[in-house]
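Have a look at the structure below, then the notes.
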Amino acid sequence: MKKIILPILIVSLSVILVSCNNNDSEHHNDNNSSDTNTSENKDNEASNEIDEKTNTSDSADNSESSNKQNKEKNDNKKQEKNNDSNKKQQSTDKNKSYLNNFNSKEIEYARVWYQLISTRNDLKGIKNVYVTEIPKGSKVNPQAKNSAIYKEKVVKLEAPMRAGGSVTYSSNGDGTINVYNNIPYKWENSQNSDYSQMNKITKKAIEENIETVYIKPYDNKTVAKLASKIRYNK
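All the letters of the sequence shown, read from the start, carry residue numbers -24 to -1, 1 to 210 under mature numbering (1 follows the signal peptide of the UniProt record, and there is no 0).
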């Protein structure tokens, strides 16, 4: 009986020892596998960090380049705007300089004459434009005793000859004028020589056919040329 039990014990011990060795080997392999996985994870994390830093660096470079381009564009636009502003200012200064030698009345007379007379008649050869400033209460026809009187201050502009025309108006002070279209170049003509009806004629002249006109600024060089021809009647 003992002979049988002894071999059985030996075999059992052998089996147990083999089993223990296998478990140790498996545990060792598991540890190695875990270490390998940990190492791989660390490598991947490091690689990801490098990629992120690279992407961040590239993004920063691109952003800096874009900002630089935008700044250059803005600088160019500002420079163009400044150049345009300078050109406009120079043009404005030049236009203003044309009128430096004339007062506001002379400039007004020149603009009125240019718009109402020069644009209608070809008067390039005209040498002077004569101005008569007529106070409020003055006779419409100075030669007639029974003439109506002006109810406001008016100005009469006339060319040296009848063919050049004339214009009589009052200023409203807002860029517009009231034009008395019935006032003739001269009162001494067949149509206006009936002095018995002069009160009626002159009254009609200042009450009917009065037109309000806006006077445009026009080119200062042209206005200055006309203003230099202004002469005052005594």
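Glycine is no exception: its CB is placed at the ideal position from the N, C-alpha and C atoms.
Contact check, residue i vs residue j under 8 angstroms by CB: the rounded distance?
{"i": "Val130", "j": "Ser146", "result": "5 angstroms"}
{"i": "Ile153", "j": "Val105", "result": "Incorrect: roughly 16 angstroms between the Cβ atoms, too far for contact."}
Where does residue i fall in DSSP's three states?
{"i": "Ile159", "result": "coil"}
{"i": "Lys179", "result": "helix"}
{"i": "Lys47", "result": "helix"}
{"i": "Val116", "result": "coil"}
{"i": "Glu84", "result": "helix"}
{"i": "Asn52", "result": "helix"}
{"i": "Ser172", "result": "helix"}
{"i": "Ile74", "result": "Going by the sequence as given, residue 74 is Tyr instead of Ile. DSSP places Tyr74 in helix when its eight states are reduced to three."}
{"i": "Ile191", "result": "coil"}
{"i": "Ile110", "result": "strand"}
{"i": "Glu2", "result": "Low confidence applies here, because Glu2 scores a pLDDT of 48, under 50, leaving its location unreliable; read the following figure in that light. In the structure shown, Glu2 sits in a helix (DSSP, three-state: H, G or I)."}
{"i": "Ile102", "result": "coil"}
{"i": "Glu134", "result": "strand"}
{"i": "Tyr126", "result": "coil"}
{"i": "Ser39", "result": "helix"}
{"i": "Ser147", "result": "strand"}
{"i": "Asn154", "result": "strand"}
{"i": "Glu94", "result": "For clarity, residue 94 is Ser in the given sequence; the question names Glu instead. Ser94 falls in the helix class under three-state DSSP."}
{"i": "Lys210", "result": "coil"}
Do you know offhand how far residue i's Cα is from residue j's?
{"i": "Asn46", "j": "Asp195", "result": "40 angstroms"}
{"i": "residue 212", "j": "Ile182", "result": "Here the chain has residues from -24 to 210 only, and residue 212 is not among them."}
{"i": "Tyr190", "j": "Glu40", "result": "57 angstroms"}
{"i": "Lys115", "j": "Ile186", "result": "18 angstroms"}
{"i": "Gly149", "j": "Pro193", "result": "14 angstroms"}
{"i": "Glu134", "j": "Ser172", "result": "27 angstroms"}
{"i": "Asn122", "j": "Gly113", "result": "13 angstroms"}
{"i": "Lys57", "j": "Asp51", "result": "10 angstroms"}
{"i": "Ser80", "j": "Thr95", "result": "21 angstroms"}
{"i": "Glu84", "j": "Ser42", "result": "56 angstroms"}
{"i": "Gly140", "j": "Glu184", "result": "23 angstroms"}
{"i": "Glu48", "j": "Tyr90", "result": "49 angstroms"}
{"i": "Lys127", "j": "Asn175", "result": "14 angstroms"}
{"i": "residue 254", "j": "Lys54", "result": "Nothing can be reported for residue 254: it is not among the residues displayed for the chain, which extend from -24 to 210."}
Can you find the residues in the same chain that come closer than 7 angstroms, C-beta to C-beta, to residue i, ignoring five residues on each side of it along the sequence?
{"i": "Tyr208", "result": "Val107"}
{"i": "Pro111", "result": "Lys129"}
{"i": "Trp163", "result": "Asn117 and Gln119"}
{"i": "Ala86", "result": "Val199, Leu202, Ala203 and Ile206"}
{"i": "Gly151", "result": "Tyr190 and Ile191"}
Could you pull out every residue in the same chain whose Cβ sits closer than 8 angstroms to the Cβ of residue i, ignoring the five residues on either side in sequence?
{"i": "Val155", "result": "Leu92, Val143, Thr144, Tyr145, Ile186, Glu187, Thr188 and Val189"}
{"i": "Lys103", "result": "Pro136 and Lys205"}
{"i": "Asp(-1)", "result": "Its pLDDT being 49, under 50, Asp(-1) is placed unreliably by the model, and the measurement read from it follows with that caveat. Cβ within range, chain order: n/a, list empty."}
{"i": "Glu82", "result": "Ala203 and Ile206"}
{"i": "Ile157", "result": "The displayed chain sequence assigns Asn, not Ile, to residue 157. Taken in chain order, the residues that qualify are Asn185, Ile186 and Glu187."}
Take residue i and list the residues in its own chain whose beta-carbon comes closer than 6 angstroms to its own, dropping the five residues that flank it on each side.
{"i": "Lys179", "result": "Ala124"}
{"i": "Phe78", "result": "Ala203"}
{"i": "Arg138", "result": "Tyr161"}
{"i": "Glu109", "result": "Val131"}
Any beta carbon of chain C sitting closer than 8 angstroms to that of residue i?
{"i": "Val155", "result": "Note that chain C does not occur in the displayed structure, where there is just one protein chain."}
Evaluate contact between the segment 192 to 199 and the segment 73 to 85, counting only Cβ atoms and requiring at least three cross-stretch pairs below 8 angstroms. Result yes; three or more Cβ-Cβ pairs closer than 8 angstroms.
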